[in-house]
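Participant: Take a look at this one; I'll ask things after.
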Amino acid sequence: MLHRTRKFVSAILLFMFAMSFSAAAADTSIQSSNTYKYAIATLSDSSGQMVLDLKARTTLSNSRIGSSKITVHDLTAGSVRDYGGSYSSGVSYTDSFALPNTVKGHRYYVVVTFYADGLSTQATSNTVTF
Numbered sequence: 003m004l005h006r007t008r009k010f011v012s013a014i015l016l017f018m019f020a021m022s023f024s025a026a027a028a029d030t031s032i033q034s035s036n037t038y039k040y041a042i043a044t045l046s047d048s049s050g051q052m053v054l055d056l057k058a059r060t061t062l063s064n065s066r067i068g069s070s071k072i073t074v075h076d077l078t079a080g081s082v083r084d085y086g087g088s089y090s091s092g093v094s095y096t097d098s099f100a101l102p103n104t105v106k107g108h109r110y111y112v113v114v115t116f117y118a119d120g121l122s123t124q125a126t127s128n129t130v131t132f
């Protein structure tokens, strides 16, 4: 009887030990997936220039994070212009620059494609009359 009890307790302990490893493995796979915490594009008229502020943050560090494409929409003229973006590395990306070729009195908004080690998302800015 004592031998059976020992075997039973050993089997239970082995089962619990194995389950703790599988739970830890499941936890690791969830934590290792990279996602965006935020990706923001803000357009403003600052000191006579149309300025675009970009901010993005992911859950994991990246060898390459930034804006892969910036599309400027001129609602007044009905035109669209594409620009390349810029990159850095790490968990977050911040950039700010004046948009070229903007016309006073026109309404603009921007769509930015953010990129982080194979992960992409888009952010649409507010609409601003320059």
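Per this note's numbering, the sequence shown starts with residue 3, numbered consecutively. We put the beta carbon where it would ideally sit given N, CA and C, even for glycine. As the structure is a prediction and not an experimental result, all values here were calculated from the model.
#1: Using only the alpha-carbon positions, how far apart do T131 and Q51 sit?
#2: Please name the residue, chosen from T104, K71, L121, that lies closest to K39 on a Cα-to-Cα basis.
#3: Could you check if L56 is buried or exposed, using at least 16 other CB atoms within 10 Å of its CB as the buried criterion?
#4: Look up L54 in the DSSP assignment and say whether it is helix, strand or coil.
#5: With 16 as the cutoff for other CB atoms within 10 Å, does N128 come out buried or exposed?
#6: Which residue or residues does DSSP assign as beta-bridge partners of H108?
#7: Where does the unbroken beta strand (DSSP E) through A100 begin, and where does it stop?
#8: Could you give the DSSP three-state label for S70: helix, strand or coil?
#9: Looking only at its own chain, which residues have a Cβ that is under 8 Å from the Cβ of V112, when we skip the five neighbours before and after it?
#10: Going by Cα to Cα distance, which pick from L62, S34, S12, N103 is closest to D84?
#11: Which partner residues of F116 appear in the DSSP bridge assignment?
#12: In this structure, does DSSP put S12 in helix, strand or coil?
#13: From the DSSP output, in three-state form, read off T61 for me.
Facilitator: Reading off the structure:
#1: In the sequence shown, the residue the question calls residue 131 occupies position 129. In the sequence shown, the residue the question calls residue 51 occupies position 49. Distance between the alpha carbons of T131 and Q51 is about 11 Å.
#2: Locating residue 39 in the sequence shown gives position 37, counting from the first residue. Of the listed residues, the one whose Cα sits closest to K39 is L121.
#3: Translated into positions along the sequence shown, residue 56 becomes position 54. Buried.
#4: In the sequence shown, residue 54 corresponds to position 52, counting from 1. Correct three-state label for L54: strand.
#5: As a first step, residue 128 is located in the sequence shown; it is residue number 126 there, counting from the start. Counting Cβ neighbours within 10 Å, N128 comes out exposed, since fewer than 16 surround it.
#6: The sequence position of residue 108 within the sequence shown is 106, counting from 1. None, per the DSSP bridge assignment.
#7: Within the sequence shown, the letter at position 98 stands for residue 100. Per DSSP, A100 belongs to the beta strand (DSSP E) from 89-100.
#8: Numbered from 1 along the sequence shown, position 68 holds the residue referred to as residue 70. If DSSP states are grouped into helix, strand and coil, S70 belongs with the strands.
#9: Translated into positions along the sequence shown, residue 112 becomes position 110. Cβ within range, chain order: A43, L45, L54, I72, T73, V74, H75, L101, T126, S127.
#10: Here residue 84 refers to the residue found at position 82 when the sequence shown is read from its first residue. The residue with the shortest Cα to Cα distance from D84 is N103.
#11: Within the sequence shown, the letter at position 114 stands for residue 116. Answer by DSSP bridge pairing, in chain order: S69, T123.
#12: Locating residue 12 in the sequence shown gives position 10, counting from the first residue. Looking at S12 - three-state DSSP - the assignment turns out to be helix.
#13: As a position in the sequence shown, residue 61 is number 59, starting the count at 1. Strand, per DSSP.
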